[in-house]
Amino acid sequence: MIISFILVIAGFVSLIFGANWLVNGASSLAKKYNVSDLAIGLTIVAFGTSAPELVVNLIASAQNHSDIVLGNIIGSNNFNLFIILGLAAMISPIVVKSSTAWKEIPLSLAAALLLVLLANDFFLRQNTYFSRTDGLILLVLFAFFLYYVFRQMRNEEIDETIVVTHSSLKIWTLILFGLAGLVVGGQLVVSSSINIASELGVSEKIIALTIVAAGTSLPELVTSVVAALKKNSDIAIGNVVGSNIFNILLILSLSSIVNPIAYNDKFNTDIFILIGGTAVLILFMITGKRKKLDRWEAALLFVFYLAYTIYLVSREV
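Residue numbers for the sequence shown follow our numbering, so the first one is 58 and each next one is one higher.
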């Protein structure tokens with residue numbers, strides 16, 4: 058048991074370092090070939106924070122561990138919304154731009170609604186699954202979302218992505234070590250999580266919703282907390298909302314294209330919590346004079362999901 062937990066932690070460390078090395082190497086390579094800062098920030102850097110979820114899910118999908126695939130995505134989204142955003146706003150109340158309140162957050166709500174409809178085959182039948190067709194639909198929607206983000210970034214004043222250039226040898230060393238770190242870390246997380254579930258006598262669903270989801274969300278946690286400490290509201294909330302859309306439209310789509318994913322309808326409760334939490338976030342943002350998430354509102358989100366997680370675990374242990 059202790060060894061399995063140590064291996065999971067080692068896997069998360071490997072995932073985070075691997076993602077960082079890959080982003081550094083790929084960004085430097087792109088800069089070397091005169092790719093714009095905008096394109097680097099939108100693609101390579103954005104991929105970096107989602108890499109842990111993506112790699113864990115691709116491995117779990119290839120090995121037919123559907124509950125880990127779904128638990129990681131749904132759990133990560135809930136962890137982002139309730140724990141990370143809640144913690145960030147408790148550090149410093151978050152004031153957002155009008156476009157975030159009226160466009161991006163509703164887009165993440167629409168993605169969650171689409172998730173529950175596709176997962177349950179629009180509630181027309183039982184024993185549903187995410188097919189490769191569902192995956193392609195989500196992937197096309199992700200392409201539209203990426204285009205929307207690109208248009209938004211071109212129309213706004215943005216900070217340049219800071220890219221450190223390296224020699225060709227160092228670039229490819231970073232890329233290769235980054236890929237190796239992601240693959241090894243992802244395999245460690247998946248296999249060790251399955252062992253923990255077996256040894257504790259709990260379902261893979263619970264392990265994925267808690268340990269795996271929290272671990273793969275560590276890059277988002279660090280990004281949003283640092284942004285909150287620097288009182289950079291746009292990054293603090295944009296990181297969470299963007300990650301939640303990425304997880305559903307990109308990571309779930311690729312996972313289901315690799316292997317159709319059997320759906321466990323016990324996840325419906327967790328998806329409805331995601332939908333409800335996102336709707337409440339919109340309500341918090343549009344009420345009052347300023348589009349602002351106050352500390353007491355953030356504390357409600359944080360405490361609610363913490364209590365729900367404790368309840369989930371206590372039912373199975």
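C-beta atoms are modelled at their ideal positions from N, C-alpha and C, and glycine is treated no differently.
Residue i - partner residues in DSSP beta bridges
i	result
I318	F187
K349	V152
Cβ neighbours of residue i in the same chain (closer than 7 angstroms, five flanking residues each side left out)
i	result
I294	L142, I151, V153, T157
A67	L245
I264	S250, I253, A254
E373	V259, S260, I263
Rounded C-alpha distance that separates residue i from residue j
i	j	result
T273	L239	11 angstroms
S312	S118	6 angstroms
P276	T344	30 angstroms
V384	I101	An answer regarding residue 384 cannot be provided, because it is not within the stretch 58 to 374 covered by the chain.
N321	A237	32 angstroms
N252	G82	33 angstroms
K349	S123	37 angstroms
L164	Y204	14 angstroms
G299	I131	14 angstroms
V337	F329	12 angstroms
V92	F207	14 angstroms
L193	F324	22 angstroms
L233	K89	17 angstroms
S260	V113	17 angstroms
T190	I318	12 angstroms
F359	F139	5 angstroms
E256	I308	28 angstroms
D291	G258	42 angstroms
Assigned secondary structure, residue i (DSSP; H/G/I helix, E/B strand, else coil)
i	result
K288	coil
Q120	coil
R208	helix
T344	coil
L181	coil
N301	helix
M58	coil
S274	coil
V92	coil
V374	coil
G258	coil
Supposed contact pair residue j and residue i - C-beta distance, whole angstroms, cut 8 angstroms
i	j	result
S85	I305	Actually they do not touch by this definition, with Cβ atoms about 30 angstroms apart.
L175	F187	7 angstroms
L115	V315	6 angstroms
V269	N129	5 angstroms
L72	G334	Not confirmed; about 26 angstroms, so no contact.
N301	N134	5 angstroms
9 angstroms Cβ cutoff, residue i in contact with chain C
i	result
K349	Looking at the structure shown, chain C is missing, and only one protein chain is on hand.
Sequence-distant residues of its chain with Cβ nearer than 8 angstroms to residue i (five each side left out)
i	result
Y365	I330
A166	Reading off the sequence shown, one finds Leu at residue 166, where the question assumed Ala. So the list reads I332, T335, A336, I339, once near-sequence residues are dropped.
heavy atom of the ligand MN below 8 angstroms from residue i C-beta
i	result
S225	The ligand MN is absent from the structure shown, which contains no ligands of any kind.
Beta-carbon proximity list for residue i, same chain, < 6 angstroms, skipping 5 on both sides
i	result
S310	G192, L195, L196
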